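**Student:**
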Amino acid sequence: RRPGGESAAGTGPPPTEAPLGSPRKRPPESERGAADSPCRPGTRSWAPLPPMATPQEEKGGRPGARRRGSSPPGAPELMRAFEGSAAAAGRGLPRWGWRLCLAHRFAERRKPYQASDVSAADAVKHLGLALRYFRWWYRKTRVEKKHPFINLFNSQPLRQIYGCPLGGFGGGTITRGWRGDFCRWQLNPGLYHYKTVIADQFTVCLRRKGQTVYQQVLSIEKPSRLQEWNWGFCGHYAFYHALYPRAWAVYQLPGQDVVLTCRQVSPIIPHDYQDTSLPVGAFLWDVENQSGEDMEVSLMFTFQNGTESKGDRSGGHWNEPFCLEKDGRCVRGVLLHHCLPVNPYTLAISAREKAGTTVTHLTTFNPAGTGQGVWQDLLADGKLASPPGKSPPTEKGEACAAAVCATCTVPASGHSTLEFALAWDMPCIRFGSKEKEHRRRYTRFFGSRGDACPALSHYTLSCYQAWEEKIEAWQRPILENSDLPPWYKSAIFNELYFLADGGTLWVELQPEDPAAALGASLGLSQHLAVLKEYGRFAYLEGQEYLMYNTYDVHFYASFALAMLWPKLELSLQYDMAAAILSEDTRLRMYLMSGQTAQVKLRNVVPHDIGEPDDEPWQHLNAYLIHDTAAWKDLNLKFVLQVYRDYYLTKDSAYLRDMWPVCQAVMESELKFDKDGDGLIENSGFADQTYDAWVVTGASSYCGSLWLAALSMMCQMAQLLGEEDARQTYSAILAKGTAAFEKLLWNGKYYNYDSSNSTSSDSIMSDQLAGQWFLRACGLGEGKSEVFPQSHVLSALKTIFERNVMGFSQGTMGAVNGMRPSGVPDRSSVQSDEVWVGVVYALAATMIQEGLVQEGFRTAEGCYRTVWERLGMAFQTPEAYCQRRVYRSLAYMRPLSIWSMQLALERRAAGETRAPPASSEASDPPIAVSP
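Right under this line is the structure:
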């Protein structure tokens, strides 16, 4: 046996059943299977994906379509290229999810919205903004050498390759794409590295009667490096299936009577605040031997020490083997120590050794070379050399990788399972300012010394079955509900990827942190207890919009946290309450207006809690396009979420703590009612979440949020026995409701605003945002009715007719703004966009009002567009237009789909929409601490 290296001669085996014994030349591309061409040239033609599936397609395919494989319900086009046999269905796959053949190619490729897409009129209008932004961007990137919170000059191009990310919340994520490549990395907090690391692969080796007969990298790629490996697996014989937090990849090995099913598992478990934090993933390979003779099967997992970034070649990185035997389980693997001056980390690849399964390793090889040594090592006997000891540290300019191999014998017509784990350990992190060191949440359970990878690996391979049982129990009621459409069963779980892969932070509260004493001084009695027990949680607005807990967007996304991990939602809200009560008196210039103002005012909700290249939680409001102290929606969204959180959790201590904060922000908001009619007015600029869509006077969006917030203040006051406050808010609500109806209702829907401009009567898809939240909280009808039900139904039907069915024939969701004439509102760069998260919220509102089929049809258009037509899986954007462009990939807002699930659950339970206060009227009010 050799210790590894690149000295052995020979290349990999051909993909045939012929015995392999001597070196050979690589076969022509046509024989090896190309990533961008069929395995047999001339046997396929490609057709555009139809925008919507017919009911017949929903049930499994269209008449006359060739279905040689296991085309799933709802997306026959994505599996049209699959040529595997019916025996290649894989093991243990759920019926529902997102499935596509590895040979699939998306017909449409879009580009990000860029400066060249701005109209001449808009360019002239915003010339000052452009100049100010460029000066700020140059100073930020060229002088300070930092990442801008929004980089308008370097938008991410669309890569139609991503799959389920690996890892829990807050420990970093690694994405394995649907084609099998590890291609997106978020290890440094909040900062992404988009690079396919070609050495990170699984390779299969088959041996019959003591001779290797087949050895193949399970990748359809054909890279220029590691050329001695047998690349180019034929994608027509493999498919991918995702149902987050799990994914399956099925490979039928041509001519071998072997089917491999790789099941990928991450520990994303609702209401679990330990394992959900772990930076790990499991790969469980089910090997089906469909032949009539026993076969020895080896799977080799190779991984590079690093992510193909500059730090990979800085030198000083090293690998070492490890073995951890505990509780009757033995795990062997290799640790890859990535030694950086800031945020160093260790990766671990490992496999479980058990009766009948042997685990071997190769401590180091050169991922930039031909790969001949490791390839031949595996080819010789299906095992690796397992040299002892550590590898020497890499020299500057040098990279290193490692390999782990698991081998077992699979009986004829039988199957076996090989278990692998990937873990990473960056326990202590510093943000761009380097002011503080933070410990990630998982260190509470696995320590912060940087030596947790062996224990994490062992724990993963010991617990993944329990994780899966919990995941299946959580998902089963939705997946088995025959009333729900197939696409929804994919969307509701797969959109959850962003909670882990949104640059997510989950850190422990440090004793020396000012927040440890801040809460009590501000009257937040439970602040410290919540943060100590559950940690601090934050996630980015988007992978391109680098601001944490962007609050106007979290308003939509928060349903996922509030329903599935409510303690994290409460932790986030306590941090936000403390931020509201703080101030930052520093002055700065805002890019839109060019005016100078304070960074943060007291008793005003901040836009965000900071950016990853600064110091989140300490330096607030990274966003500086507008002075958001003048925004009309942020304060209201805090009140709405406080009541929603109480409604879902029934946490009375939380409600008591938040009540004075809600009063403070409502007092700040009341100053926007300039004419005293009980209704706030917008100020003639884009002063809300639609930050490029000007709004003036009374508006349906902010006005509905205001009225809903007043209604919820009345409910909270009644629950807390604050009768004077209840009467005050009730009086304002009565006046405001009358003004809202008078100024905005036009007989069919609520106008965009009351400015009498050329677009003031546009049909806004989000005009009932306040009603959406009221209904989600059991309000909005009877004594708590704010908007007349007949008006709500009329507005929703108008939106469905015009913004949904009148836009791209109902196949793309709801456009933000539609003119009464039936053309999109093009008064703003945002008014003619589709915002996926807003569409899901609109669909929830329709379901709440009994328009269930209309709600599903509205949301379906977004799912089909993003996941099946445009290839944006696991990177759902904030927005797309009818043609050509999209904006801001991998965005927070689409998590609002969970408000659809809440609406469906409440309908199924037959809940009335009466407010909790009415049912609890006989109970004594909640005591308010003095």
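Using the UniProt record's numbering, the first residue of the sequence shown is number 1, and each one after it goes up by one.
Beta carbons are placed, not taken as given, at the ideal position from N, Cα and C, and that holds for glycine.
As the structure is a prediction and not an experimental result, all values here were calculated from the model.
1. Does the segment 257-267 come within contact of the segment 362-372, defined as at least 3 CB pairs closer than 8 Å?
2. With 16 other CB atoms within 10 Å as the buried threshold, where does Ser919 fall?
3. Measuring only the C-alpha atoms, how far is Val359 from Gly389?
4. Let's see if you can read the secondary structure: which residues bound the beta strand (DSSP E) around residue 931?
5. If I measure Cβ to Cβ from Ser754 and keep anything under 7 Å in the same chain, skipping five residues before and after, which residues do I get?
6. Can the beta-carbon of Leu479 be found less than 9 Å from the beta-carbon of Lys489?
7. Just to confirm the assignment, what range does the alpha helix (DSSP H) spanning Val174 have?
8. For His415, which three-state DSSP category applies?
9. Fully enclosed by the segment 479-536, which beta strand (DSSP E) runs are 3 residues long or longer?
10. In the DSSP assignment, find the beta strand (DSSP E) that holds Glu357 and state where it starts and stops.
11. Which of the three DSSP states is assigned to Cys164 in this structure?
12. Which ranges does the alpha helix (DSSP H) cover as unbroken runs of at least 4 residues, wholly within the segment 662-739, from first to last along the chain?
13. Note down the Cα distance separating Val213 from Ile492, rounded to an integer number of angstroms.
14. How far does the beta strand (DSSP E) with residue 975 in it extend, from its first residue to its last?
15. Classify Thr758 as buried or exposed, calling it buried when 16 or more other Cβ atoms lie within 10 Å of its own Cβ.
16. Tell me whether Gly910 is buried or exposed, calling it buried when 16 or more other Cβ atoms sit within 10 Å of its Cβ.
17. State the CB to CB distance for the pair Gly780 and Asp613, rounded to an integer number of angstroms; the pair is presumed to be in contact (CB under 8 Å).
18. Have a look at Ser558, Met547 and Tyr590 and flag the residue whose alpha-carbon is nearest the alpha-carbon of Asn151.
19. If the criterion is Cβ atoms closer than 9 Å, does the pair Leu206 and Glu296 meet it?
20. Would the beta-carbon of Phe82 fall within 9 Å of that of Ala107?
21. Taking one C-beta from the segment 523-537 and one from the segment 135-149 each time, how about it: are there three or more such pairs within less than 8 Å?
22. With 16 as the cutoff for other CB atoms within 10 Å, does Ser827 come out buried or exposed?
23. DSSP three-state call for His236: helix, strand or coil?
24. Determine the burial state of Asp483: buried for a count of at least 16 other Cβ atoms within 10 Å of its Cβ, exposed for fewer.
25. By alpha-carbon positions, which one of Ala622, Gln510, Asn494 and Val143 ends up nearest to Ile429?
26. Mapping DSSP to helix, strand and coil, what is Gln573?
27. Ser831 by DSSP, collapsed to three states: which one?
28. Is the Cβ-Cβ distance between Trp96 and Leu284 less than 9 Å?
29. Taking the straight line between their C-alpha atoms, what separation do you get for Glu29 and Gln256?
30. Take every Cβ of the segment 685-693, pair it with every Cβ of the segment 623-633, and state whether three or more of those distances are shorter than 8 Å.
31. Within the continuous alpha helix (DSSP H) that includes residue 932, where are the two ends?
32. Helix, strand or coil: how does DSSP classify Gly128 here?
33. Counting C-beta neighbours from all protein chains within 10 Å, is the total for Pro392 16 or more, i.e. buried, or is it exposed?
34. For Asp832 and Phe638, what's the separation of their Cα atoms in angstroms?
35. Looking only at its chain, what residues have a beta carbon closer than 6 Å to the beta carbon of Leu655, apart from the 5 residues adjacent to it on each side?
**Tutor:** In short, the structure shows the following:
1. no
2. Position 919 of the sequence shown holds residue 919. Confidence is the limiting factor: at Ser919 the pLDDT is only 34, short of 50, which leaves the residue's position unreliable and the question unanswerable from this model.
3. Taking the first residue of the sequence shown as 1, we reach residue 359 at position 359. Taking the first residue of the sequence shown as 1, we reach residue 389 at position 389. Their backbone Cα atoms lie some 16 Å apart in a straight line.
4. This structure cannot settle anything about residue 931, because the visible part of the chain is limited to 1 through 930.
5. The count along the sequence shown starts at 1 and reaches residue 754 at position 754. Gly697, Ala698, Leu743, Leu744 and Ser760, listed in sequence order.
6. On the sequence shown, residue 479 is found 479 positions in, with the first residue counted as 1. On the sequence shown, residue 489 is found 489 positions in, with the first residue counted as 1. Yes, these two residues count as a Cβ contact at 9 Å.
7. On the sequence shown, position 174 is the one that residue 174 refers to. The sequence shown places Ile at residue 174, not Val. For Ile174, there is no enclosing alpha helix (DSSP H); the residue is part of the beta strand (DSSP E) that begins and ends at Thr173 to Arg176.
8. Taking the sequence shown and counting its residues from 1, one reaches residue 415 at position 415. Strand at His415.
9. 505-507
10. On the sequence shown, residue 357 is found 357 positions in, with the first residue counted as 1. The question names Glu, yet the displayed sequence has Thr at residue 357. Where Thr357 is concerned, the enclosing beta strand (DSSP E) stretches over Thr357 to Phe365.
11. Here residue 164 refers to the residue found at position 164 of the sequence shown. Note: Cys164 maps to coil in three-state DSSP.
12. 700-720
13. Along the sequence shown, one-based indexing puts residue 213 at 213. Along the sequence shown, one-based indexing puts residue 492 at 492. The straight-line gap from Cα to Cα measures roughly 43 Å.
14. Outside the modelled stretch of the chain, which goes from 1 to 930, sits residue 975, for which no answer is possible.
15. Numbered from its first residue, the sequence shown carries residue 758 at position 758. Thr758 should be labelled exposed.
16. Reading the sequence shown from its first residue, position 910 is the one you call residue 910. It is exposed - the Cβ of Gly910 has fewer than 16 other Cβ atoms within 10 Å.
17. Sequence index remark: in the sequence shown, residue 780 carries index 780 (1-based). Sequence index remark: in the sequence shown, residue 613 carries index 613 (1-based). Between Asp613 and Gly780 the Cβ distance is about 42 Å, and since that is not below 8 Å, they are no contact.
18. Looking up residue 151 in the sequence shown gives position 151. Measuring from the Cα of Asn151, the nearest candidate turns out to be Met547.
19. As a first step, residue 206 is located in the sequence shown; it is residue number 206 there, counting from the start. As a first step, residue 296 is located in the sequence shown; it is residue number 296 there, counting from the start. Closer than 9 Å, so yes.
20. Taking the first residue of the sequence shown as 1, we reach residue 82 at position 82. Taking the first residue of the sequence shown as 1, we reach residue 107 at position 107. No, the Cβ-Cβ distance between Phe82 and Ala107 is not below 9 Å.
21. no
22. Here residue 827 is taken as the residue at index 827 of the sequence shown, counted from 1. Buried: at least 16 other Cβ atoms inside 10 Å.
23. Here residue 236 refers to the residue found at position 236 of the sequence shown. In this structure, His236 counts as helix in the three-state DSSP scheme.
24. Reading the sequence shown from its first residue, position 483 is the one you call residue 483. It counts as exposed.
25. Counting from one through the sequence shown, the residue named residue 429 turns up at place 429. Per the Cα distances, Gln510.
26. Counted from its first residue, the sequence shown places residue 573 at position 573. In the structure shown, Gln573 sits in a helix (DSSP, three-state: H, G or I).
27. The residue you call residue 831 lines up with position 831 of the sequence shown. It is coil, neither helix nor strand.
28. As a first step, residue 96 is located in the sequence shown; it is residue number 96 there, counting from the start. As a first step, residue 284 is located in the sequence shown; it is residue number 284 there, counting from the start. Result no, Cβ atoms of Trp96 and Leu284 do not sit closer than 9 Å.
29. Residue 29 sits at position 29 when you count from the first residue of the sequence shown. Residue 256 sits at position 256 when you count from the first residue of the sequence shown. Because Glu29 carries a pLDDT of 34, less than 50, the predicted location of this residue cannot be relied on, and the following value inherits that uncertainty. Distance between the alpha carbons of Glu29 and Gln256 is about 20 Å.
30. yes
31. Because the chain spans 1 through 930 in this model, residue 932 falls outside it and cannot be assessed.
32. The count along the sequence shown starts at 1 and reaches residue 128 at position 128. If DSSP states are grouped into helix, strand and coil, Gly128 belongs with the helices.
33. Counting from one through the sequence shown, the residue named residue 392 turns up at place 392. With fewer than 16 other CB atoms across the displayed protein chains lying within 10 angstroms of its CB, Pro392 is exposed.
34. Residue 832 sits at position 832 when you count from the first residue of the sequence shown. Residue 638 sits at position 638 when you count from the first residue of the sequence shown. Going from the Cα of Asp832 to the Cα of Phe638 covers about 28 Å.
35. The residue you call residue 655 lines up with position 655 of the sequence shown. Answer for Leu655: Tyr646, listed in chain order.
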